[in-house]
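Q:
Residue numbers (the working numbering), protein chains in the order written: chain U, 157 to 272; chain E, 3 to 113.
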């Protein structure tokens with residue numbers, strides 16, 4: 157079974173620039189998550205989709221971050237404009253459903269973002 | 003108070019030792035509990051939930067104490083390959099699962 161795919165793996169940008177990350181979840185997984193992991197910390201949930209609908213974006217800094225999953229399969233996360241504190245690994249995860257044990261999550265390799 | 007708290011470590015142990023990771027959570031309505039393993043510069047990988055065993059060789063077990071809102075992961079006969087950061091994850095089921103990650107405990111197994 158293919159895992160969660162993410163691209164790019166690494167990105168270096170200057171502050172105030174824009175950046176976009178892409179994620180393709182495991183086939184058939186209805187739930188998709190974007191996490192931000194700052195060095196030395198656990199992943200922090202940014203947004204959770206169930207199919208193409210948002211179920212939780214309470215921790216997404218909406219003034220600069222946006223995400224979409226238009227067809228309920230792959231997803232993009234955008235930062236515009238980036239700040240130095242956005243330097244982190246952005247992890248995408250998917251799960252079969254968003255309830256119960258079907259909510260076990262499988263993570264992609266992440267995109268390491270450095271903002272200079 | 004953080005939703006999930008862990009000792010960041012590092013724990014430095016000799017090969018063959020038994021090591022225990024502890025985790026406390028603040029939401030008494032939490033219903034799902036997981037341990038993930040994260041190798042350096044890699045993504046988290048699901049290790050186990052409290053309901054199932056964690057690896058094929060049976061060296062690790064997890065315990066849940068709901069009254070104390072405390073879960074633990076025990077690894078016996080630790081191996082060099084067990085060196086990683088161990089993430090505690092606690093989930094609450096409402097209209098949808100909401101997961102909270104601890105900051106992780108780093109384990110260094112020494113020969």
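The C-beta atom is built at its ideal place from N, Cα and C for all residues, glycine as well. Quick caveat, the model's predicted, so the values are computed rather than measured.
Whose Cβ in chain U lies nearer than 8 angstroms to the Cβ of residue 48(E)?
A: Correct list: 260, 261, 262.
Q: Strictly under 8 angstroms for the Cβ-Cβ distance: is residue 101(E) near chain U by that measure?
A: By this cut-off, residue 101(E) is an interface position.
Q: Just to make sure I have the definition right: I need the residues of chain U whose C-beta is within less than 7 angstroms of the C-beta of residue 45(E). Which are they?
A: Under the 7 angstroms cutoff, chain U gives 247, 263, 264, 265, 266.
Q: Can we say the region 25-37 of chain E touches the region 78-96 of chain E, given the rule of at least three CB pairs closer than 8 angstroms?
A: Cβ pair count under 8 angstroms is three or more, so yes.
Q: Would you kindly check if the distance between the Cβ of residue 246(U) and the Cβ of residue 272(U) is under 8 angstroms?
A: For residue 272(U) and residue 246(U), no; Cβs fall outside 8 angstroms.
Q: Considering just the uninterrupted stretch of the beta strand (DSSP E) at residue 64(E), what are its terminal residues?
A: 62-67 is the extent of the beta strand (DSSP E) around residue 64(E).
Q: Please report how far the alpha carbon of residue 176(E) lies from the alpha carbon of residue 31(E), in whole angstroms.
A: With chain E covering only 3 through 113, there is no way to say anything about residue 176(E).
Q: Residues of the region 191-208 of chain U in Cβ contact with chain E at a cutoff of 9 angstroms, in chain order, please.
A: Hits within the stretch, in order: 191, 193, 196, 197, 198, 199, 200, 201, 204, 206.
Q: Grouping DSSP H, G and I as helix and E and B as strand, with all else coil, what is residue 83(E)?
A: The answer is helix: DSSP assigns residue 83(E) an H, G or I state.
Q: Residue 182(U) lies in the beta strand (DSSP E); which residues open and close that run?
A: Where residue 182(U) is concerned, there is no enclosing beta strand (DSSP E), given that its DSSP letter is neither H nor E.
Q: Just the Cα atoms here: how many angstroms apart are residue 77(E) and residue 46(E)?
A: So the alpha carbons of these two residues sit roughly 18 angstroms apart.
Q: I'd like to know whether the C-beta of residue 106(E) is nearer than 8 angstroms to at least one C-beta of chain U.
A: Closer than 8 angstroms: yes.
Q: Does DSSP put residue 212(U) in a helix, in a strand, or in coil?
A: Residue state, collapsed to three classes: strand.
Q: State yes or no: is the C-beta of residue 273(U) within less than 8 angstroms of the C-beta of residue 105(E)?
A: In the structure displayed, chain U extends from 157 to 272; residue 273(U) sits before or after that span and is not available.
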